[in-house]
Each structure stands twice: as structure tokens, then as C-alpha cells.
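One structure is given below, encoded as C-alpha cells.
Shown next, in the form of C-alpha cells:
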């Protein structure tokens, strides 16, 4: 019974902690911010939004009371900042394109090497099979030569001996 009470207290503490932080379970069973946690129902800003907002804020404000020379300088500064941002985005896109192209090239080269390797292995198997068949054919076609030698030796006038010897030559 004590174990069950401990479990219940733990679950209640956990739920209280989650709800006090402003998180609720949504329909997808994920924790998400509840509307109560937003200040004045404003949408929370994420890191990417904050970074882009900071980039947009990199401009000099031009006031009506500024002299024409100062206004022109501030316009020039804003123009340079805008160009800098555009160049940054261009370089970023260029890097992404280069990375994508490099991956595609590497994949293509890997595929070509694999096909070449498969072709080499196939040719090696075919050549080895041809060599094996050629060796087998030569071994079978080589005639097993048999020589018969007959020698007649007479030692006595009444007894004659005939000796027959055969040899087999195998290559």
C-alpha cells in the first residue's frame, strides 16, 4: 500500500510540475506549450526567428531631423548591410548546392566503381572457368602413352624366356 501511495504522489507531483510550466499534452501525445503560458496570447519566438529578426534589425534608423549628408550616409550603410545580407544568403545557397552536387558526384562515382568491380569479378570468374576447362581438356586429350617392350632372351637351347614390360606416361 505504501508503494502505491508513493507512486500516486510521484505522478501528482509530475503532473503539477508539467502544468505549472505551462505544458499540456496535445492530441499527438507530445508536450506543447499551453495558451496560458503565453504572455498576452503572443506567439513564442523560436531561435531561427530571433536570428532572422536580428539580421533584419541590422539597419541604421534615419530620422527626419538628420541632415541630408547624414541621411545619405545612413542610406549607404543600410544599402551595404542589405547587400551583405543578400551575399550571405547567396553564399549559403551556393554552399548547399555545392554540397548537394558533391554528394551526387560521389554517389555516381561510387556506383561506377561498384559496377566496374562487379564487371572485373565477373570477367575473372569467366576467365578462371575457361582456364579450368582448358586444363581439364588438355588433361583428358593427352593420350596415355603405353609402350610395350618385348625382349627374347635365350639362355639354354631348350628354354626360352619372353619378358614383356609396359610403361604408362602421364603428363
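In mature numbering (1 follows the signal peptide of the UniProt record, and there is no 0), the protein residues as written are -22 to -1, 1 to 149. Glycine included, each C-beta is placed from N, C-alpha and C at the ideal position. Computed from a predicted model, the values in this text were never measured in an experiment.
Next item on the list: Give me the Cα-Cα distance between residue 112 and residue 105, rounded to the nearest whole angstrom.
Entry: So the two alpha carbons sit approximately 10 Å from each other.
Notebook entry, point to check: Which same chain residues, not among the five before or five after residue 58, have their C-beta less than 8 Å away from its C-beta?
Noted result: Its chain contains no residue whose beta carbon lies nearer than 8 Å to that of residue 58 once the 5 sequence neighbours on both sides are disregarded.
Note to self: Would residue 56 and residue 37 qualify as a contact pair, given that the criterion is a beta-carbon distance under 9 Å?
What the structure shows: Going by C-beta atoms, residue 56 is nearer than 9 Å to residue 37.
Margin query: Using 8 Å for Cβ pairs, my map puts residue 53 next to residue 44. What's the rounded Cβ distance?
Written below: The distance from the Cβ of residue 53 to that of residue 44 is about 10 Å, inconsistent with a contact at the 8 Å cut-off.
Margin query: Can you check whether the C-beta of residue 68 is within less than 9 Å of a C-beta belonging to chain C?
Written below: The structure shown contains no chain C, having only a single protein chain.
Check: What's the C-alpha gap between residue -13 and residue -21?
Finding: C-alpha separation (whole angstroms): 12 Å.
Next item on the list: Can you tell me which of the three DSSP states residue 41 falls into?
Entry: Note: residue 41 maps to coil in three-state DSSP.
Check: Secondary structure at residue 120, three-state DSSP: helix, strand or coil?
Finding: Coil, per DSSP.
Notebook entry, point to check: On the three-state DSSP scale, how would you describe residue 36?
Noted result: It is coil, neither helix nor strand.
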